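Enquirer:
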Amino acid sequence: MLNVFTNPRSRDCGGFSRREALSVGSLGLAGLGVGSMGLTDVLRARAAAPSAFRDKSIVLLFLTGGPSQVETFDPKMTAPAEVRSVNGELTTSLPGVTFGGTFPRLAPWADRMAIVRSFTHGNANHTGGAQDVMRGGAGNQIGMGSIVTRLRGTNHPRTGMPTQVYLSHQEPDPQFNKERLRLLEAATAGELGSAFSPFDPLGDGPVNQNLTLNLTRRRLSDRRSLRQSLDRLARNVDTSGMMEGLDRFEQQAFNLLLGKGRRAFDLSDEDPALVRRYDTSRFNTALRVKTRHSTLGHQLLLARRLCEAGCGFITVHNPGWDMHGGNTQFNMPFGMERLGRPVDQAVSVFLEDLQQR
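Sequential numbering from 59 applies to the sequence shown in the numbering used here.
Structure below.
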C-alpha cells in the first residue's frame, strides 16, 4: 500500500497521487486520535484490555443485495420447483446438509461452519436492511466494527494498524459503487464519533482531495525528512481536526508507514503460489459494464494479512447479489455463476489458509 516512486514523470510531484496519499496518510495519520484522548492514553487503555479480546479478529464478508438462501446454503430440493434451488444441490461434509450447486469447494468445509438458516430482518429496503445487519437491528446507530474499535482502541499499539478496515473494489459499475457506499454508511460509528469509523483505503472525502505526500526513496530513509513531509501533509489537510496532535503520534505514524502495518497491504510478501490460489480475477462479475474482474480472492488474502498485523474487524464488500433479473440485475442462474463461483473459490481457500496457519 505504501508505494515509493522514484520516477518523477510517473506522478505529479515525483511522489504520491492523492489517491495513494490517502492510502498512506489516512491509514497512518487520520486514525491515530480517539476523540480527546491522546495516543498515550489510548495505548494505556489498550494495554489494560483483556488479551483474549485483543487477540481475536473478525472478517465479515458482506454480499450486498441479499443472496438467495436456497442458492447458497439451503437448497430445499424437496420443495416445489418454484421454491427450490435452480442450480441444484451438493452434498457436504455434514450428513443431511447440502449447499447450492455453485459451492463445490465450500461443501467439504461444512463441518467447520456454523450455518444459521433462521437469520432475517423485516426491512425490505436495501439501505435500511444493510443498516439493520451491520448495526444489530433497527434503531441502533452504531456499527458492529465501531463497537469493537471502541473496546480495543482505534489502532494496534505496535503496528499502528487501524482496528477496523473496510475493503472494497474500485467500482466502474455505478450500481456496484452505490452498494459499496451504502454498506460503508451502514458501518458508521454514530454517536461514538468518526474516530471509530472504519478506515476505507478507497475513501474519497475532503481529506483525500487535499492529500499530497511527496516522498522519494532516499528521503524515506531519513527520519527527519519523513517528519518534515508529514508536517507538510498536515498543513495541506482541511481544518477538520483529524491531524490534531500529530507530533505526539509521529513515532506510531512512522511505524505504520514503514513497519508491519504498511507491509500488510503489500501482497508481494506472500508466496506467489498462495496468491495464485486466492486469485479470482478470471471471473468476470460485471453487471452494467463490459468487464469487472473479481478481486474477492485477493481481498480475503489481504483481510488475513490485516488480521495478522493487528486489525480487529475487517468488512469485505462483495456487490451484485440483488438478483431480480430483467435489464438491470442478474437473473438467478446467471448471477450465481458470475458471483457464486468466485465466492466459492475465495472463501474455501481462505478457510484452508487459516487452518494451515
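Ideal Cβ positions, reconstructed from N, Cα and C, are used throughout, including at glycine.
Just so we're clear, the structure is a prediction, and the values are computed from it rather than from any experiment.
What is the DSSP secondary structure of lysine 348, counted as helix, strand or coil?
Expert: Within the sequence shown, numbered from 1, the residue matching residue 348 stands at position 290. Reduced to three states, the DSSP call for lysine 348 is coil.
Enquirer: Since leucine 397 contacts threonine 343 with CB under 8 Å, what's their CB separation in whole angstroms?
Expert: Translated into positions along the sequence shown, residue 397 becomes position 339. Translated into positions along the sequence shown, residue 343 becomes position 285. Yes, they are in contact, since the Cβ atoms of leucine 397 and threonine 343 sit about 6 Å apart, within 8 Å.
Enquirer: Can you grab the Cα-Cα spacing for the pair glutamate 249 / asparagine 235, in whole Å?
Expert: The sequence position of residue 249 within the sequence shown is 191, counting from 1. The sequence position of residue 235 within the sequence shown is 177, counting from 1. Glutamate 249 and asparagine 235: Cα-Cα distance of roughly 26 Å.
Enquirer: May I ask you to report which of helix, strand or coil DSSP gives glutamine 222?
Expert: Here residue 222 corresponds to residue number 164 of the sequence shown, with the count starting at 1. DSSP places glutamine 222 within a strand segment (E or B) once states are collapsed to three.
Enquirer: Give the DSSP bridge partners of glycine 123, in chain order.
Expert: Residue 123 sits at position 65 when you count from the first residue of the sequence shown. Answer by DSSP bridge pairing: none, since glycine 123 is not bridged.
Enquirer: By a C-beta neighbour count over all protein chains shown, 10 Å radius and 16 as the cutoff for buried, is arginine 362 buried or exposed?
Expert: If you number the sequence shown from 1, residue 362 lands on position 304. Arginine 362 should be labelled buried.
Enquirer: Can you give me the start and stop residues for the alpha helix (DSSP H) that glycine 186 sits inside?
Expert: Reading the sequence shown from its first residue, position 128 is the one you call residue 186. First-last of the alpha helix (DSSP H) with glycine 186: 184-193.
Enquirer: Return the first residue and the last residue of the alpha helix (DSSP H) that phenylalanine 392 is part of.
Expert: For the purposes of this step, residue 392 is taken as the residue at position 334 of the sequence shown. Looking at the DSSP string, the run of the alpha helix (DSSP H) that includes phenylalanine 392 is 390-393.
Enquirer: Hey, out of Gly251, Ala247 and Leu242, whose CA is closest to proline 259's CA?
Expert: Your numbering for residue 259 matches position 201 in the sequence shown. Checked all of Gly251, Ala247 and Leu242; the closest Cα to proline 259 is Leu242.
Enquirer: Check whether the segment 141-153 and the segment 194-201 touch, using three or more Cβ-Cβ pairs below 8 Å as the test.
Expert: no
Enquirer: Considering only their Cβ atoms, is the gap separating valine 333 from leucine 359 smaller than 8 Å?
Expert: In the sequence shown, the residue the question calls residue 359 occupies position 301. In the sequence shown, the residue the question calls residue 333 occupies position 275. Yes, they are a contact pair.
Enquirer: Which two residues bound the contiguous beta strand (DSSP E) that contains threonine 207?
Expert: Position 149 of the sequence shown, counted from the start, is the residue given in the question as residue 207. Counting along the chain, threonine 207 falls outside any beta strand (DSSP E), though it belongs to the alpha helix (DSSP H) covering 202-210.
Enquirer: To the nearest angstrom, report how far apart arginine 346 and glycine 378 are at their CA atoms.
Expert: Your numbering for residue 346 matches position 288 in the sequence shown. Your numbering for residue 378 matches position 320 in the sequence shown. Taking the straight line joining both Cα atoms gives about 10 Å.
Enquirer: Nearest CA to the CA of glutamine 233: which residue from Gln387, Gly146, Asp132 and Lys134?
Expert: In the sequence shown, residue 233 corresponds to position 175, counting from 1. For the residues Gln387, Gly146, Asp132 and Lys134, the minimum Cα distance to glutamine 233 belongs to Gln387.
Enquirer: Buried or exposed for asparagine 183, please, with buried defined as at least 16 other CB atoms from any protein chain shown within 10 angstroms of its CB.
Expert: On the sequence shown, residue 183 is found 125 positions in, with the first residue counted as 1. By the 10 Å Cβ count, asparagine 183 comes out exposed.
Enquirer: Helix, strand or coil: which one does DSSP assign to leucine 164?
Expert: Position 106 of the sequence shown, counted from the start, is the residue given in the question as residue 164. It is coil, neither helix nor strand.
Enquirer: Does glutamate 140 pass the burial test, meaning 16 or more other C-beta atoms within 10 Å, or should it be called exposed?
Expert: Numbered from its first residue, the sequence shown carries residue 140 at position 82. The residue in question, glutamate 140, is exposed, as its Cβ has fewer than 16 Cβ neighbours within 10 Å.
Enquirer: Quick one: residues in its chain with C-beta nearer than 7 Å to the C-beta of serine 440, no 5 flanking neighbours on either side, listed in chain order?
Expert: Since the displayed the chain opens at 59 and closes at 415, residue 440 lies outside it and no answer follows.
Enquirer: By the 10 Å Cβ neighbour count, where 16 or more other Cβ atoms means buried, how is isoleucine 205 classified, buried or exposed?
Expert: Here residue 205 is taken as the residue at index 147 of the sequence shown, counted from 1. So isoleucine 205 ends up on the buried side.
Enquirer: If the criterion is Cβ atoms closer than 8 Å, does the pair threonine 338 and alanine 404 meet it?
Expert: What you label residue 338 is simply residue 280 of the sequence shown in a count that begins at 1. What you label residue 404 is simply residue 346 of the sequence shown in a count that begins at 1. Yes, Cβ-Cβ distance for threonine 338 and alanine 404 is below 8 Å.
Enquirer: CB-CB under 8 Å to threonine 353, same chain, minus the five flanking residues each way: which ones, in chain order?
Expert: By 1-based counting over the sequence shown, the position of residue 353 is 295. Excluding positions up to five away in sequence, the list reads His227, Thr338 and Ser339.
Enquirer: So if DSSP puts isoleucine 437 in a beta bridge, which residue, or which two residues, is it bridged to?
Expert: Given a span of 59 to 415 for the chain in the structure shown, any question on residue 437 remains unanswerable.
Enquirer: Grab me the residues of glutamate 237's own chain with a C-beta within less than 6 Å of its C-beta, minus the 5 sequence neighbours each way, in chain order.
Expert: Along the sequence shown, one-based indexing puts residue 237 at 179. Excluding positions up to five away in sequence, the list reads Thr122 and Pro377.
Enquirer: If we ignore side chains and look at the alpha-carbon of each, how far apart do methionine 192 and histidine 179 end up?
Expert: For the purposes of this step, residue 192 is taken as residue 134 along the sequence shown, with counting starting at 1. For the purposes of this step, residue 179 is taken as residue 121 along the sequence shown, with counting starting at 1. Using only the alpha carbons, I get a separation of about 12 Å.
Enquirer: Hey, could you find the ends of the beta strand (DSSP E) phenylalanine 157 is sitting in?
Expert: Stepping through the sequence shown from its first residue, residue 157 is reached at position 99. Phenylalanine 157 -> beta strand (DSSP E) spans 156-158.
Enquirer: Could you tell me the distance, in whole angstroms, from the CA atom of glutamine 414 to the CA atom of glutamine 222?
Expert: In the sequence shown, counting from the first residue as 1, residue 414 sits at position 356. In the sequence shown, counting from the first residue as 1, residue 222 sits at position 164. A straight line joining the alpha-carbon of glutamine 414 with that of glutamine 222 spans about 25 Å.
Enquirer: In angstroms, rounded to a whole number, what distance separates the CA positions of proline 133 and serine 143?
Expert: What you label residue 133 is simply residue 75 of the sequence shown in a count that begins at 1. What you label residue 143 is simply residue 85 of the sequence shown in a count that begins at 1. Cα to Cα, proline 133 sits roughly 5 Å from serine 143.
Enquirer: Rounded to the nearest angstrom, what separates histidine 214 and serine 115 at their Cα positions?
Expert: Against the sequence shown, residue 214 aligns to sequence position 156. Against the sequence shown, residue 115 aligns to sequence position 57. Distance between the alpha carbons of histidine 214 and serine 115: 12 Å.
Enquirer: Suppose contacts are defined by Cβ-Cβ distances below 8 Å. Is phenylalanine 254 in contact with alanine 247 by that definition?
Expert: For the purposes of this step, residue 254 is taken as the residue at position 196 of the sequence shown. For the purposes of this step, residue 247 is taken as the residue at position 189 of the sequence shown. The answer is yes: Cβ separation under 8 Å.
Enquirer: Hey, out of Asp329, Asp324 and Gly383, whose CA is closest to glutamine 357's CA?
Expert: Counted from its first residue, the sequence shown places residue 357 at position 299. Checked all of Asp329, Asp324 and Gly383; the closest Cα to glutamine 357 is Asp324.
Enquirer: Just to confirm before moving on: does the CB-CB distance between glutamate 147 and phenylalanine 131 stay below 8 Å?
Expert: Counting from one through the sequence shown, the residue named residue 147 turns up at place 89. Counting from one through the sequence shown, the residue named residue 131 turns up at place 73. Taking 8 Å as the Cβ cut-off, glutamate 147 and phenylalanine 131 do not qualify as a contacting pair.
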